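In UniProt numbering, the protein residues as written are 1 to 237.
We put the CB at the ideal spot given by N, CA and C, even for glycine.
On a predicted model such as this, the values are computed, not experimentally measured, just so you know.
What follows is a short report on a single structure.
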Amino acid sequence: MHILAVDDDEPVRELLESYLASEGYRVTTAPDTAAAKKALESDPVDLVVCDLRLPDGDGLGLVRQIRTESHIPVIILSSKDQDVDRIVGLELGADDYLTKPFNPRELLARIKAVLRRVSGEGRPPRSPDDLRAVVQFANWELDLTAQRLRSQEGREVELTKAEFGLLAAFVKRPQRVLTRDQLLDLTRADGAEVFDRSIDVLILRLRRKIEANPKEPRIIKTERGAGYVFDAKVKTV
Numbered sequence: 001m002h003i004l005a006v007d008d009d010e011p012v013r014e015l016l017e018s019y020l021a022s023e024g025y026r027v028t029t030a031p032d033t034a035a036a037k038k039a040l041e042s043d044p045v046d047l048v049v050c051d052l053r054l055p056d057g058d059g060l061g062l063v064r065q066i067r068t069e070s071h072i073p074v075i076i077l078s079s080k081d082q083d084v085d086r087i088v089g090l091e092l093g094a095d096d097y098l099t100k101p102f103n104p105r106e107l108l109a110r111i112k113a114v115l116r117r118v119s120g121e122g123r124p125p126r127s128p129d130d131l132r133a134v135v136q137f138a139n140w141e142l143d144l145t146a147q148r149l150r151s152q153e154g155r156e157v158e159l160t161k162a163e164f165g166l167l168a169a170f171v172k173r174p175q176r177v178l179t180r181d182q183l184l185d186l187t188r189a190d191g192a193e194v195f196d197r198s199i200d201v202l203i204l205r206l207r208r209k210i211e212a213n214p215k216e217p218r219i220i221k222t223e224r225g226a227g228y229v230f231d232a233k234v235k236t237v
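Printed below as a string of structure tokens:
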């Protein structure tokens with residue numbers, strides 16, 4: 001598997017190259033967006049690890065271009081003071097993120113997890129920008145503009161702002177394991193006041209509203225030790 005590591009910090013690039021190569025990956029490094037784009041054009045890449053602060057442009061622009069032109073999975077590297085950028089990166093379709101300074105073993109685990117998901121699905125989910133205003137899943141229809149949920153029989157279900165934000169985050173990223181931290185970032189990006197363990201409470205409330213049997217959920221499933229996955233086919237209408 002070929003990994004492209006984009007970071008303007010030479011020691012970080014050297015660390016990524018040596019560590020990932022020792023784990024059996026072929027690694028190309030790039031110090032800026034220009035070099036990254038050249039690498040993407042010259043050789044097929046299976047995954048990109050991308051810093052958000054680059055000398056010739058921000059990493060968000062690179063993430064946006066990658067997601068627009070391909071389905072290559074992306075893992076964001078960000079500093080602790082880059083919360084907003086990290087949230088935007090996830091909204092653009094990045095698959096995961098890791099905060100600097102990071103443990104190379106944790107990055108390796110995240111790379112393996114993302115590649116497993118991509119391999120299992122054939123291709124990553126589409127970017128949120130690809131979704132239209134109304135989506136269907138299971139027996140439900142969600143209007144992302146009007147923030148309205150109704151069953152196919154026409155029964156409307158009231159959602160709080162936090163519940164809608166969480167459900168919208170899920171339908172935009174089906175079949176993808178999302179950690180609590182990622183769900184917190186994504187729901188806060190929509191202006192909902194969601195805090196830490198309240199994600200679990202929101203999950204329970206959503207299950208009561210959309211699952212046929214909330215005690216045996218088939219739409220929002222728990223991935224023990226990892227987070228949650230929206231295990232339903234999403235169709236735009």
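Within a 10 Å sphere around the beta-carbon of V237 sit fewer than 16 other beta-carbons, which makes this residue exposed.
For the pair I3 and A232, the Cα-to-Cα distance works out to about 30 angstroms.
Around the beta-carbon of P44, fewer than 16 other beta-carbon atoms lie within 10 Å, marking it exposed.
Within a 10 Å sphere around the beta-carbon of T33 sit 16 or more other beta-carbons, which makes this residue buried. DSSP, reduced to helix, strand and coil, places D85 within a helical segment of the structure shown. The C-beta separation of T145 from G165 comes to about 14 angstroms, leaving the pair out of contact by the 8 angstroms criterion. One Cα belongs to V27, the other to S42, and the distance between them is close to 14 angstroms.
Residue state for F164 is assigned as helix, using DSSP reduced to three classes. Under the three-pair Cβ rule at 8 angstroms, the segment 65-77 does not count as touching the segment 137-155. In the DSSP secondary-structure assignment, R67 is not bridged to any residue.
With a cut-off of 8 angstroms on Cβ pairs, the segment 93-113 is in contact with the segment 71-81, counting three or more such pairs. Taken in chain order, the complete alpha helix (DSSP H) segments of 4 residues or longer contained in the UniProt domain "OmpR/PhoB-type" (132-232) are 161-171, 180-189, 198-210.
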